[in-house]
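Have a look at the structure below, then the notes.
Residue numbers (our numbering): 7 to 343.
What follows is the structure, encoded as structure tokens:
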């Protein structure tokens, strides 16, 4: 009874049931009409189920959809339309490593990751699709099976909230189901483990444990996770949600401070003078630029959420841009701050 009571208290503090249900209503009211539509929620695009063949329209149809069998039989170019898939599987990779326990805004990055997962998950299960997740910890990875329905979505969110933070752990944990300890290995594991086409969501701060983001032998200083993510995007629609905190971009002028690396536990005393703050801001901006460029090279959609901003409005604006880019009609389900 004691573990259950302690766990319920943590959930009540971070995201009680009433808050989760209100979150679902907020997402539905503020994003309804923006994320729903053809299928696959946040990311527009055709399905993979074949429809009937029709005549090819030059300049309008994609030649990759050419039906060569019908074309050869009729001697007239035909294409085969794709209709929206049904009962797809959406899989999320949620980074729960110690760097996600940091936050100076209205919430810590871990809680914002839960909110992002809720936004994607609730709108996915409303379409009847299944949602599963890979939860990446600093000592391994846990797989949460894909299920449909709101109860399963609540259970997944509670599992993420129940995951112990760096401050709660007294020693190494057991019971993980996969060995990956970094984002690159986790993305590769997701790619190998889930081959059925669908939506893949990577929720992370994209920070490496040792700070050495680019691989030494990679062209243009490629992050270690870029290659497996590029393989993932060749088969699936991928949404990368980058979680950042304002203090990761700029440091305040507070003089001598002790800083602890959440990934390694190393403590350093640093004087935050103007020179140090400027070098830190430049290095942080360079790291974010590398992340942005790598995601663009991979072909993944990129959504940035900050702990000091209204994440619902940011998701709504992102969905609105996606619809406009795809040429899909935009309803009056306005984006309100």
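Glycine is no exception: its CB is placed at the ideal position from the N, C-alpha and C atoms.
Item: Residue 287 versus residue 100: straight-line alpha-carbon distance, rounded; Value: 26 Å
Item: Inter-stretch contact (C-beta, 8 Å, three-pair minimum) for the stretch 61-76 and the stretch 111-127; Value: no
Item: For residue 243: DSSP bridge partner residues; Value: 205
Item: C-beta atoms of residue 345 and residue 311 nearer than 8 Å; Value: An answer regarding residue 345 cannot be provided, because it is not within the stretch 7 to 343 covered by the chain.
Item: Helix, strand or coil at residue 147 according to DSSP, with G and I counted as helix; Value: strand
Item: Where the alpha helix (DSSP H) containing residue 280 begins and where it ends; Value: 280-304
Item: Selected residue, minimal CA-CA separation from residue 131, among 239, 153, 195; Value: 153
Item: Nonlocal neighbours in the same chain, by C-beta distance under 6 Å from residue 169, ignoring five residues either side; Value: 102
Item: Residue environment, residue 192, which counts as buried when at least 16 other CB atoms sit within 10 Å; Value: buried
Item: Inter-stretch contact (C-beta, 8 Å, three-pair minimum) for the stretch 276-285 and the stretch 250-264; Value: yes
Item: Residue closest to residue 313, alpha-carbon to alpha-carbon, out of 79, 121, 65, 155; Value: 121
Item: Check whether residue 273 and residue 207 have beta carbons under 8 Å apart; Value: no
Item: Residue 247 beta carbon less than 8 Å from that of residue 106; Value: no
Item: Which residues DSSP lists as bridging residue 100, in chain order; Value: 141, 209
Item: Member of 137, 298, 141, 252 whose CA lies at the smallest distance from the CA of residue 209; Value: 141
Item: Three-way DSSP call (helix, strand, coil) for residue 229 in this model; Value: strand
Item: Distance CB(residue 150)-CB(residue 138) smaller than 8 Å; Value: yes
Item: Helix, strand or coil at residue 76 according to DSSP, with G and I counted as helix; Value: helix
Item: Residue 119 versus residue 109: straight-line alpha-carbon distance, rounded; Value: 12 Å
Item: CB of residue 254 within 8 Å of CB of residue 289, strictly; Value: no
Item: Same chain, Cβ closer than 6 Å to residue 236, five either side skipped, listed in chain order; Value: 304
Item: Counterpart residues of residue 59 in DSSP-defined beta bridges; Value: 86
Item: 6 Å CB neighbourhood of residue 59 in its chain, flanking five on each side removed; Value: 73, 76, 84, 86
Item: Where the alpha helix (DSSP H) through residue 130 begins and ends; Value: 115-131
Item: Residue 2 to residue 294 span [Cα, whole Å]; Value: Past the edges of the chain, shown from 7 to 343, lies residue 2, and the structure says nothing about it.
Item: Straight-line Cα distance separating residue 81 from residue 308; Value: 43 Å
Item: Heavy atom of the ligand NAD within 7 Å of residue 283 beta-carbon; Value: For the ligand NAD, the structure offers nothing, since it holds no ligand at all.
Item: Residue 205 beta carbon less than 8 Å from that of residue 163; Value: no
Item: Distance between beta carbons of residue 166 and residue 344, contact taken as under 8 Å; Value: What is shown of the chain runs 7 to 343, which leaves residue 344 out entirely.
Item: The beta strand (DSSP E) enclosing residue 261, as first and last residue numbers; Value: 261-266
Item: Run of the beta strand (DSSP E) containing residue 310, from where it starts to where it stops; Value: 307-312
Item: Local conformation of residue 254 per DSSP, three classes; Value: helix
Item: Classification of residue 61 by the beta-carbon crowding that lies within 10 angstroms, buried from 16 upward; Value: exposed
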